[in-house]
Structure formats: structure tokens, C-alpha cells
Amino acid sequence: MPTFTGDEALSYDKRIGKLVPGYELLHHTTAAQLSVTLDQDATILVIGAGTGKDIIELAKHNAGWQFIAQDISADMLAIADQNFTNLGLSDRVTIHLGPIKDAIYQADAALCLLVLHFVSDNGDKAELLKQIGLNLRAGGQLFLADLMQPDTDFERAAQLHYCQKELGLTDAGAQTMRHQFQEAFYPISGARLHELTSLTGFCSPSLYFKALGFSAHAIAKGQ
Ligand SMILES: C[S@@+](CC[C@H](N)C(=O)[O-])C[C@H]1O[C@@H](n2cnc3c(N)ncnc32)[C@H](O)[C@@H]1O
């Protein structure tokens with residue numbers, strides 16, 4: 001997977017919008033659902049918080065929400081931390097560097113946007129989902145977005161075409177992405193997602209976003 005360190009972390013904010021069709025829409029549609037399901041004083045666990053985009057977007061929707069920004073990359077979280085300081089959000093955010101283990105938090109909702117597709121389906125995806133579940137209250141929603149297995153044999157080509165034509169991805173960038181489709185991602189099918197969520201104590205996923213290869217689901221933790 002990409003390392004999300006050094007220059008990869010520094011260039012992330014410029015790159016990501018060229019790689020994920022509907023990146024802004026994904027964040028906006030996720031925030032809309034949190035806005036109508038959470039109380040004023042909710043705590044939101046953000047897995048793979050990266051440079052802080054998820055939290056910066058959500059913080060605009062409700063001034064009472066608190067956040068846990070978790071990531072395994074110190075460089076991404078350092079950028080996020082600086083962004084939170086610049087925007088006056090630091091007192092609303094707990095930074096968590098490293099894996100979450102056991103039930104440290106009891107969040108009201110969790111986000112895991114564009115993260116799980118980097119985790120191998122050798123038990124590691126199930127383990128991450130299980131850990132998210134342990135840190136989420138019963139009935140709380142997980143919002144999960146990933147590159148999925150393609151629905152057609154032309155979906156990946158169409159995605160690269162879209163990224164180049166509409167989002168300004170360069171030829172070199174498209175070449176890297178084509179390579180990463182094979183080497184860096186562990187996309188799963190919708191059926192496998194249903195299996196994994198059922199195995200880890202979640203209810204059936206409900207699709208709320210799809211743009212070419214990327215899908216997002218709202219998934220309630222079982223009672
Ligand atoms: C593509 S970025 C997404 C960042 C942010 N959610 C967004 O929407 O812009 C993926 C992030 O997931 C982090 N990551 C990768 N594997 C992870 C894991 N197993 N647990 C937590 N974070 C992980 C990376 O360090 C990186 O910051």
C-alpha cells in the first residue's frame with residue numbers, strides 16, 4: 001500500500017481529489033447522515049483520519065461534536081494535528097496514533113473512509129472491523145468507504161479515464177494507479193463485505209454512495 005509518510009503525506013491533499021471520483025461528495029453525503037442521526041454532544045471515531053479531511057468536514061456540521069482521530073501514520077496525523085490547530089478545532093479532537101485495541105472508546109458513530117481497502121483479507125480486515133465494533137456503542141453506525149471489486153470488466157478503465165479527463169490525473173499518475181490496483185489494494189465484493197460485517201457483530205451494510213469503483217455503506221453495530 002502507499003506508505004502515507006514523508007512526501008506521500010505532504011502531497012496527499014493535492015493528490016486525493018484526482019484519484020477518487022466524488023471524493024467531496026463522499027464526505028458531504030457521509031456528514032449529512034451523521035447530522036440527522038447524532039446528538040449535539042456525540043463522539044465520532046475516525047479510523048484512518050489521514051490529514052484530517054473527515055473531521056474538518058464534520059466539525060462544520062455541529063459545533064458540539066467531539067472526535068477521535070486515529071491513524072497508523074504519524075506523518076498524516078501530524079498534518080491533521082496542524083490543520084486542527086489552524087482551524088481552532090484542537091480542543092474537540094483526541095489524536096490516537098497506532099492501532100485501536102480493545103474497548104478504549106465508546107463512540108456514537110465511526111468513519112472508516114478509504115482505509116479498509118488497504119488491509120488484506122487474511123483476517124486483518126475482520127480484525128479491524130472487530131476493533132471498530134469494540135469501540136462503537138451498540139446500535140452506532142459505521143460509515144465505510146472502499147474501492148470494491150469491479151462490477152464490470154470495464155469499470156477500472158472507466159475510472160482511470162474519468163480521473164484523467166475530469167479530475168486532472170496525469171498519465172504518470174494513471175500509470176501508478178493502474179499498478180496500485182493490482183499491488184496496493186485488497187478490494188472485496190459486496191457479498192464478502194456482508195460476510196465480514198456479519199462475522200464481526202455488525203448488521204447488513206446499506207449502500208449510500210457509489211462512483212465507479214468506490215462504494216460507501218452505512219453499517220449499524222448490532223445490539
Ligand atoms: C486514503 S487515506 C484516507 C484518509 C481520510 N479518511 C480521507 O478520506 O481523506 C488512508 C489513510 O488510512 C491510513 N491507514 C492505512 N491502514 C490503516 C489501518 N490499518 N488502520 C488505520 N489507518 C490506516 C493511512 O495511513 C492513511 O492516512
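Mapping to UniProt numbering: the sequence shown position 183 is 183, numbers consecutive.
Heads up, the beta-carbon is just placed ideally off N, CA and C, and yes, glycines get one too.
Residue i classed as buried or exposed, judged by whether at least 16 other C-beta atoms fall within 10 angstroms
i           : result
F154        : exposed
M1          : exposed
V36         : exposed
S204        : exposed
Q19         : The residue asked about is misnamed: residue 19 is Leu in this sequence, not Gln. Answer is buried; the Cβ neighbour count reaches 16.
L38         : buried
P21         : buried
A63         : exposed
L144        : buried
L196        : buried
T170        : exposed
residue 224 : A question about residue 224 goes unanswered here, because the residues of the chain that appear run from 1 up to 223.
K14         : exposed
Simplified DSSP assignment, three categories, for residue i
i    : result
D75  : helix
T43  : strand
I100 : coil
Y208 : strand
Q66  : strand
V36  : helix
G139 : strand
T170 : coil
T94  : strand
I219 : strand
N59  : Rather than Asn, the amino acid found at residue 59 in this sequence is Ala. The answer is helix: DSSP assigns A59 an H, G or I state.
D153 : coil
D121 : coil
L144 : strand
Check: residue i C-beta below 7 Å from any heavy atom of ligand 1
i    : result
K125 : no
F67  : no
I95  : no
I72  : yes
I132 : no
I55  : no
M76  : yes
L142 : no
P99  : yes
A49  : yes
I16  : yes
F4   : yes
L114 : yes
F209 : no
F181 : no
L128 : yes
F118 : yes
Straight-line Cα distance separating residue j from residue i
i           : j    : result
G140        : A110 : 8 Å
A191        : D124 : 18 Å
S198        : K221 : 10 Å
G17         : A32  : 20 Å
L113        : D91  : 23 Å
K210        : L89  : 30 Å
residue 230 : T51  : No information on residue 230 is available, as it lies outside the stretch 1 to 223 that the chain covers here.
D102        : L136 : 11 Å
H27         : E57  : 7 Å
Q182        : T176 : 10 Å
L160        : A80  : 28 Å
L142        : Q131 : 12 Å
T85         : V46  : 17 Å
H61         : T29  : 12 Å
A59         : A74  : 22 Å
Residue i beta carbon near ligand 3 (any heavy atom closer than 7 Å)
i   : result
A42 : With respect to small molecules bound, the structure shown includes ligand 1 and not ligand 3.
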